[in-house]
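Notes for the one structure printed next.
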Amino acid sequence: MFGTIFTCLTAVLILYYAVLVCMDLFIKPTGAADESGTPDEAEIDISDEANSFKAIEIKRGQQSAKKPVKAPVEKPNLSKPLMTNYLPVEQLARKARNITSSEDASLAGLGEIIIKCESAA
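Per our numbering, residue 7 is the first one in the sequence shown, and the count goes up by one each step.
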């Protein structure tokens, strides 16, 4: 059963491709000119325009060598750095050192980060 179906399908496929080849060889395609995509080029005579062309020199304005003077920016008075909850930096550094030496498992990762930061500085 399978052999019969396979043979029929193969014969139909071969016949299909044979018809396609014959159509390409013997029947002139009607849409071939449209598919080429290149329109016919018309010759344009521009000799009149070329003879009346006059070159014009364009001069750009002189660039001013002066740079705009910037007003000096005043630096605001900076206070000592404070963390949120009004913890001074010194207290925060002290607490960070205590975290690195603590045995608390939840703070162990934070302690490792602090040790890496201190060793990098």
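Where is the CB? At the ideal position from N, CA and C, for every residue including glycine.
| Unbroken alpha helix (DSSP H) run spanning residue 53, endpoints | Residue 53 -> alpha helix (DSSP H) spans 53-57.
| C-alpha gap between residue 34 and residue 25, whole angstroms | 14 angstroms
| Nearest-angstrom Cα separation, counted from residue 15 out to residue 23 | 12 angstroms
| From which residue to which residue does the alpha helix (DSSP H) around residue 30 run? | 8-32
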